[in-house]
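Q: Pasting a structure below so you can have a look.
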Amino acid sequence: MYALLEIRGKQYKVKENSTILVPGWEEIKPEEVKVLMVKDEENTVVGTPFVESAEIEFEPVKQIRTKKIKVRRFKAKVNYHRKKSHRIRYTILRVKGIKTSVLTEG
Numbered sequence: 009m010y011a012l013l014e015i016r017g018k019q020y021k022v023k024e025n026s027t028i029l030v031p032g033w034e035e036i037k038p039e040e041v042k043v044l045m046v047k048d049e050e051n052t053v054v055g056t057p058f059v060e061s062a063e064i065e066f067e068p069v070k071q072i073r074t075k076k077i078k079v080r081r082f083k084a085k086v087n088y089h090r091k092k093s094h095r096i097r098y099t100i101l102r103v104k105g106i107k108t109s110v111l112t113e114g
């Protein structure tokens, strides 16, 4: 069984016990997770636009930061140089379970 999710504007394909990389370190609230589609061996449920009866359980595994991204800005002939850098924060989530009542009823 797998599901297609939308979390913070990005879409993910998840199975049970799989891990995903979500931007930000804030805790993910259940209303932020929107299930777009659920599929098992025989049945497929596609939401219009979301599957309301589906629920995904997550467990935060780790919070990480990427390598530094360096941004340089230069303007010719005016002696203008700027250098900035930043690191993007991510949370690694493990999918504990995919639950839906639509596949079991129909």
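With my numbering applied, the sequence shown corresponds to residues 9 to 114, in that order. Think of the CB as a built atom: it goes at the ideal place given N, C-alpha and C, for glycine as much as any other residue. Model, not experiment: these values are computed from the prediction.
Report the partner residues of Thr-74 according to the DSSP bridge assignment.
A: DSSP output for Thr-74 lists no bridge partner at all.
Q: Is the beta carbon of Leu-29 less than 7 Å from the beta carbon of Lys-21?
A: Not closer than 7 Å, so no.
Q: In terms of residue numbering, what span does the beta strand (DSSP E) encompassing Pro-31 cover?
A: Residues 27 to 31.
Q: Could you have a look at Pro-68 and say whether DSSP puts it in helix, strand or coil?
A: Of the three classes helix, strand and coil, the one that applies to Pro-68 here is strand, per DSSP.
Q: Can you check DSSP and say which residues form a bridge with Phe-58?
A: Answer is none; Phe-58 lacks a bridge partner.
Q: Quick one: what's Arg-102 bridged to in DSSP?
A: Thr-27 and Glu-67.
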